[in-house]
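Everything below concerns the one structure shown next.
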Amino acid sequence: MMSNAVEIMDTGFACLVEKLGVVNAERFIAMIKRESFDYTIWRKEYFKNMNMEEIREEAAAYDESHPFKGKAVRLQNLLYDIF
């Protein structure tokens, strides 16, 4: 199910508040608005010196340290059930 813009903003801000607290979440948003931040350029710079194995390892480590807490069914689990 696709979320509308308000739901996405609400969820995004809730994530920021959970990790940063209200004050730092507000500061983060102010910094992003003030800077000419381009995610595409940042992503290219971040990953340009990494090979696929390093990216996979980093993603796996992140997944391990951030367990899924949502109500939805993870696609990975769903595929295991199907096959």
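Just so we're aligned, residue 144 is where the sequence shown starts under this note's numbering, counting upward by one.
Virtual Cβ for every residue (Gly too), placed ideally from N, Cα, C.
Asked: Opening and closing residue of the alpha helix (DSSP H) in which Lys176 lies; Found: Ala148 to Arg177
Asked: Contact test: Glu196 Cβ vs the ligand GTP heavy atom, cutoff 6 Å; Found: Absent from the structure shown: the ligand GTP. Ligands present: none.
Asked: Straight-line Cα distance separating Val160 from Met174; Found: 15 Å
Asked: Cβ distance (whole Å) where Phe171 is taken to contact Leu163 below 8 Å; Found: 6 Å
Asked: Met195 versus Asp181: straight-line alpha-carbon distance, rounded; Found: 23 Å
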